[in-house]
Each structure stands twice: as structure tokens, then as C-alpha cells.
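So the structure is just underneath, and the comments pick up after that.
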Amino acid sequence: MSLPFNIAIDGHSSCGKSTISKAVASKYGMRYIDTGAMYRAVTLFCMENNIISNKEIKLNLLIEEIDNITIDFIFNSETKLSETILNGKNVEQIIRGFNVSDNVSVVAQIQQVRKKLITLQQEIGSQGSVVMDGRDIGTKVFPDAKLKLFVTADAEIRAKRRYSELKRKGEKITFDQVLANLTLRDDHDMNRIINPLLQADDAILIDNSNLSINEQNNLIDNFIINILSK
Ligand code: DC
5 MSLPFNIAID
15 GHSSCGKSTI
25 SKAVASKYGM
35 RYIDTGAMYR
45 AVTLFCMENN
55 IISNKEIKLN
65 LLIEEIDNIT
75 IDFIFNSETK
85 LSETILNGKN
95 VEQIIRGFNV
105 SDNVSVVAQI
115 QQVRKKLITL
125 QQEIGSQGSV
135 VMDGRDIGTK
145 VFPDAKLKLF
155 VTADAEIRAK
165 RRYSELKRKG
175 EKITFDQVLA
185 NLTLRDDHDM
195 NRIINPLLQA
205 DDAILIDNSN
215 LSINEQNNLI
225 DNFIINILSK
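In my numbering, each number is its position in the sequence shown, counted from 1, plus 4.
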């Protein structure tokens, strides 16, 4: 069965939005789009083209180059996951690194970047049956989505989860650096002028600080079943 509607999942950094999205997409035969990956890919482009350094962005140069950025997703049939392609190159691993995380908030607050990516996200969503996660999906990208979730968890718990993930990947980083980056990104996301992170009025709040992945999936299944039964 493929669900006939889009699902919008927003929330704080590292709160497990992608875990929820992947589970829902796989269970209900939907397409999963990670919009954070798009902002990360634009950030990598800026880093590789000297448009950003030390979190200072050369806005004129970015505006000149923005039409030269193409972002696609390909499905990896081995891992069964979608991977991010920037100008024809698979950047799925590198965009998850700490360097990109450290610069992405600056890029994500640029109006021209948001406009380009939101247009692309809405085009993808127009095909229907998409689970999309990010910060402004329920408020700006799919304001009419039938199911909107706003996910959060205690900042220390989120940082612990993220720290373990980065350590597993061999990143040389301390817990305090991870917590500081996460708190800073929350702050940027919630306080930026354009499309800040907000819970949509009709979004359901999920605090997963003390929920297992199974408990969380069951909760979301119930929301979906409820919509389908109407
Ligand atoms: O979900 P993530 O942590 O991979 O997202 C990376 C950054 O991109 C995050 O710091 C905020 C930004 N972002 C955004 O501003 N709007 C979105 N729809 C998705 C991500």
C-alpha cells in the first residue's frame, strides 16, 4: 500500500526525524526526502567554491553561482536508502561530517537558498506519497499536509545520540563540541528571520526523550491509521 498523501516531519536537530521518516517511508511505500541533506549539499558547494570560510559567506558570489547547483537523490538498492547527489557527485557521506554541520546554519538562513530548495521540495511533493523532514515542511513547504509531526527531545539526550553516531564514523570530536553545535543550530533554526523552525498549529508534538524507536513507530502508525479510517 502506498499512502495517498504527503507527511511533513519537522523538529530540532538530531531528534530522530530521519529515523521516523525512513521507517514510515519503508512501511507505507512512500518516497523519503531529507531536506537537511539539501541544505548540507549547498553548504558543501559553498565550502568547495570558497563562497564560505569561517562561517562568513560571500553573498554576491553565492547568488552568482546558485543556478549552477543541482541536487538529486538516487536510491541505493543495497542499503535501501536514498543518497544525495550534488552536481553529479555522490556526497552522502561528506555532507554528514562535522565541518558541514558547523557551517550549514549560515547557509540555511540565506533567502535565495531557501527559495531554490523550497521550490525543488514542492516539485517533488507534487508527485504525492512523500515523507519529507526538515524545519519548515509543515509551515512552508507542505502547509496542507494531512499529517504533520513536530519532533523534539531533551538537548543532552539528542547530543548523546549524535555523539555516538559520529564516534562510530571515526570523527575526532568531543561530546561538548557536539552539544554546543546542536544548541547553536537550534538557536539559529528557531531565531532566523526567514522560515524559522516553528511547530505548525495543526502539527502533533512528539517528545521522544524517553520513547523507544518501536514505541515511537507505533504511535505514528496510530496517527496514520486514524487518518486512513476517516
Ligand atoms: O536536518 P539536518 O540537521 O541535517 O539539517 C541541516 C541544517 O539545515 C539544520 O541546521 C537546519 C537546516 N535546515 C533548514 O533550515 N530547513 C530545512 N527544511 C532543513 C534543514
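From the three backbone atoms N, C-alpha and C, an ideal C-beta is built for every residue, glycine too.
- Taking 6 angstroms as the cut-off, the C-beta of Gly138 counts as close to a heavy atom of the ligand DC.
- Around the beta carbon of Gln126, fewer than 16 other beta carbons sit within 10 angstroms, so the residue counts as exposed.
- Inside the stretch 57-132, DSSP marks whole beta strand (DSSP E) runs of 3 or more residues at positions 75-80 and 85-90, from first to last along the chain.
- In the three-state reduction of the DSSP assignment, Ala12 falls in the strand class.
- In the three-state scheme derived from DSSP, where H, G and I count as helix and E and B as strand, Lys152 is classed as strand.
- Pairwise C-beta distances place the stretch 117-133 out of contact with the stretch 79-91, as fewer than three of them are shorter than 8 angstroms.
- Rounded to the nearest angstrom, the gap between the Cα atoms of Asp193 and Ala12 is 17 angstroms.
- Taken from the Cβ of Val155, every heavy atom of the ligand DC lies 6 angstroms or farther away.
- Beta-bridge partners of Ile37 (DSSP): Met136.
- Between Gly92 and Glu175 a beta carbon distance of about 26 angstroms is seen, past the 8 angstroms cut, so the two are scored as non-contacting.
- The Cβ-Cβ distance between Arg196 and Gln113 falls below 7 angstroms.
- For Asp211, no alpha helix (DSSP H) run applies; the uninterrupted beta strand (DSSP E) run containing it begins and ends at Ile208 to Asp211, by DSSP.
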